[in-house]
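Student: The following block contains the structure, expressed as structure tokens.
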């Protein structure tokens, strides 16, 4: 199994050879209630560091980290519900990488609120603003795209959410959250879950029964250029602070996530996680086993590098950036990166063409 390397050695945390987290919710809740944000962020770093030291796969670490972050969110919501009891009647939803259990150090907030009762607007604004600020202090940065519960566009009752999400999907001209895949990957983190499941099923069913929507999603893949030239040279940032570097998520990883999601939508496979979706697609015969193994290896390599970058950023007290300088890779690393890009390119082409899938 592919693993990521933090560049440090130390005591390993594993059970029967598997990486596990021993951070109790009560401990997280106590840190949140007492405002020990620095300690909380350090525990998050230690979790990822321990995963590296016991040579856990990037997939395992991301799932453990996502679970940790969900516990942080629940603790923050429970704290706020003491002064805002109506929160206990609402459902806090997590979108994007959190909804897929694929978070890394530096993953920002992507959340929404499903309301089950009337709440005074001013009070709602005040509480939701306090929630996102608290999550930011707890190490979950504010979303640059404002996909957060303090934004009126990301809260509402079931009918409002259903109308909003289907509206985004049914309007091919509107460039919005549906393009990034945010509205396909979400789950309940705090509060009642059934209506969130029903909402997600409605969204997926809409796409599955509307070929034009699926075609639009496939068409988006043509907007991305994989970062490798015909001659085998990396296509990196041409200017700015990241000149000569690759953004691993935007340049490569996003292609895997979107392509696998498209196939999962097409075949009605409702697993949340990209790797789990891929395994289901392989098991159902929609992707050949050999290709599936290469795609899992590619995902592991890219996400592992992103975890390494996150550890380095935390150690140097700088914001997460997600950029890799290919020139620092050794021969094996450079070869693996190029093989990863080639694998993704071939897969994207096949998804676009629908050939054999």
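In the numbering used here, the protein residues as written are 3 to 359.
The C-beta atom is built at its ideal place from N, Cα and C for all residues, glycine as well.
From a predicted model like this one, the values you see are computed outputs, not experimental measurements.
(1) How many whole angstroms separate the CB atoms of residue 93 and residue 193, which I take to be in contact at a CB cut-off of 8 Å?
(2) Can you check which of these residues, 292, 285, 291 and 339, is closest to residue 308 by C-alpha distance?
(3) Is residue 201 near residue 98, with beta carbons less than 8 Å apart?
(4) Can you give me the start and stop residues for the beta strand (DSSP E) that residue 114 sits inside?
(5) Relative to the C-alpha of residue 120, which residue among 189, 89, 144 and 259 is closest?
(6) Only counting runs of 3 or more residues, tell me where the beta strand (DSSP E) segments fall wholly within the stretch 155 to 231, in order along the chain.
(7) Sort out for me which residues DSSP pairs residue 93 with in a bridge.
(8) Alpha carbon to alpha carbon, what distance is there between residue 148 and residue 131?
(9) Starting from the Cα of residue 276, find the closest Cα among 333, 240 and 102 and give me that residue.
(10) Please determine, among 33, 50 and 38, the residue with the shortest C-alpha to C-alpha distance to residue 315.
(11) Residues in its own chain within less than 7 Å of residue 350 by CB, not counting five upstream and five downstream?
(12) Give the C-beta separation of residue 250 and residue 236 to the nearest angstrom, bearing in mind that I take them to be a contact with Cβ-Cβ under 8 Å.
(13) Per the contact definition of three or more C-beta pairs closer than 8 Å, is the stretch 30 to 48 in contact with the stretch 75 to 84?
(14) If I measure Cβ to Cβ from residue 231 and keep anything under 8 Å in the same chain, skipping five residues before and after, which residues do I get?
(15) Checking 8 Å against the spacing of the C-beta atoms, do residue 204 and residue 95 come in under that value?
(16) Note down the Cα distance separating residue 86 from residue 127, rounded to an integer number of angstroms.
(17) Using a Cβ-Cβ cutoff of less than 7 Å, which residues in the same chain neighbour residue 145 once the five nearest sequence positions on both sides are dropped?
(18) Of all the options 267, 150 and 143, which has the alpha carbon lying nearest to the alpha carbon of residue 220?
(19) How many Å lie between residue 186 and residue 241 at the Cα?
(20) In whole angstroms, what separates the C-alpha of residue 287 from that of residue 72?
(21) Pick from 263, 239 and 197: whose alpha carbon is nearest that of residue 216?
(22) Go through its chain and collect everything with a Cβ distance to residue 273's Cβ below 6 Å, but skip five positions before and after it.
(23) For residue 142, does the three-state DSSP call read helix, strand or coil?
(24) Quick check on DSSP: helix, strand or coil for residue 275?
(25) Which of the three DSSP states, helix, strand or coil, is assigned to residue 322?
(26) If you count every other CB in all the chains shown that lies within 10 Å of the CB of residue 19, and 16 or more means buried, which is it?
(27) Quick one: is residue 334 buried, meaning 16 or more other Cβ sit within 10 Å of its Cβ, or exposed?
(28) Would you kindly report the start and end of the unbroken alpha helix (DSSP H) that includes residue 342?
(29) Where does residue 250 fall in DSSP's three states?
(30) By the three-class DSSP mapping on this structure, what secondary structure does residue 68 have?
Tutor: Result, derived from the coordinates:
(1) Counting from one through the chain shown, the residue named residue 93 turns up at place 91. Counting from one through the chain shown, the residue named residue 193 turns up at place 191. With 8 Å as the limit, residue 93 and residue 193 qualify as a contact, their Cβ atoms being about 4 Å apart.
(2) The sequence position of residue 308 within the chain shown is 306, counting from 1. The alpha carbon of residue 308 has as its nearest neighbour, out of 292, 285, 291 and 339, the alpha carbon of 339.
(3) Position 199 of the chain shown, counted from the start, is the residue given in the question as residue 201. Position 96 of the chain shown, counted from the start, is the residue given in the question as residue 98. Contact: no.
(4) Start at 1 with the first residue of the chain shown, and residue 114 comes out as number 112. Segment 113 to 116, the beta strand (DSSP E) holding residue 114.
(5) Residue mapping note: residue 120 aligns to position 118 of the chain shown, counting from 1. Considering only 189, 89, 144 and 259, the residue with the shortest C-alpha distance to residue 120 is 89.
(6) Residue ranges of uninterrupted beta strand (DSSP E) with 3 or more members, entirely inside the stretch 155 to 231 and ordered along the chain, are 188 to 192.
(7) Counting from one through the chain shown, the residue named residue 93 turns up at place 91. Paired residues: 116.
(8) Locating residue 131 in the chain shown gives position 129, where the first residue counts as 1. Locating residue 148 in the chain shown gives position 146, where the first residue counts as 1. Rounded to the nearest whole angstrom, the C-alpha separation of residue 131 and residue 148 is 12 Å.
(9) In the chain shown, counting from the first residue as 1, residue 276 sits at position 274. Ranking the options by Cα distance to residue 276, first place goes to 102.
(10) Taking the chain shown and counting its residues from 1, one reaches residue 315 at position 313. Nearest option by C-alpha distance: 50.
(11) One-based indexing of the chain shown puts residue 350 at position 348. Counting only Cβ-Cβ distances below 7 Å, and skipping sequence neighbours, we find 223, 257 and 261.
(12) Residue 250 sits at position 248 when you count from the first residue of the chain shown. Residue 236 sits at position 234 when you count from the first residue of the chain shown. About 12 Å separates the CB atoms of residue 250 and residue 236; that is not less than 8 Å, and the two are not in contact.
(13) Yes: the two stretches touch, three or more of their Cβ pairs being nearer than 8 Å.
(14) In the chain shown, counting from the first residue as 1, residue 231 sits at position 229. Taken in chain order, the residues that qualify are 237.
(15) Translated into positions along the chain shown, residue 204 becomes position 202. Translated into positions along the chain shown, residue 95 becomes position 93. Residue 95 sits away from residue 204, with the two beta carbons spaced by 8 Å or more.
(16) Within the chain shown, numbered from 1, the residue matching residue 86 stands at position 84. Within the chain shown, numbered from 1, the residue matching residue 127 stands at position 125. One C-alpha to the other measures close to 12 Å.
(17) By one-based count along the chain shown, residue 145 stands at place 143. The answer, listed in chain order, is 110, 111 and 112.
(18) What you label residue 220 is simply residue 218 of the chain shown in a count that begins at 1. The residue with the shortest Cα to Cα distance from residue 220 is 267.
(19) Within the chain shown, residue 186 is the residue found at index 184, counting from 1. Within the chain shown, residue 241 is the residue found at index 239, counting from 1. Cα-Cα distance, rounded: 34 Å.
(20) Residue 287 sits at position 285 when you count from the first residue of the chain shown. Residue 72 sits at position 70 when you count from the first residue of the chain shown. For residue 287 and residue 72, the distance between alpha carbons rounds to 33 Å.
(21) Position 214 of the chain shown, counting from 1, holds the residue named residue 216. It is 263.
(22) By 1-based counting over the chain shown, the position of residue 273 is 271. So the list reads 279 and 282, once near-sequence residues are dropped.
(23) Within the chain shown, the letter at position 140 stands for residue 142. Three-state result, residue 142: coil.
(24) Reading the chain shown from its first residue, position 273 is the one you call residue 275. It is coil, neither helix nor strand.
(25) Taking the chain shown and counting its residues from 1, one reaches residue 322 at position 320. Coil at residue 322, not helix or strand.
(26) On the chain shown, position 17 is the one that residue 19 refers to. With a pLDDT of 48 at residue 19, under the threshold of 50, the modelled position of that residue is not reliable, and no figure is offered here.
(27) The sequence position of residue 334 within the chain shown is 332, counting from 1. Residue 334 is exposed by the Cβ-count criterion.
(28) Mapped onto the chain shown, residue 342 falls at position 340. Residue range 333 to 355 is occupied by the alpha helix (DSSP H) that includes residue 342.
(29) Within the chain shown, the letter at position 248 stands for residue 250. Three-state DSSP puts residue 250 in a helix.
(30) Taking the chain shown and counting its residues from 1, the one referred to as residue 68 is at position 66. It is helical.
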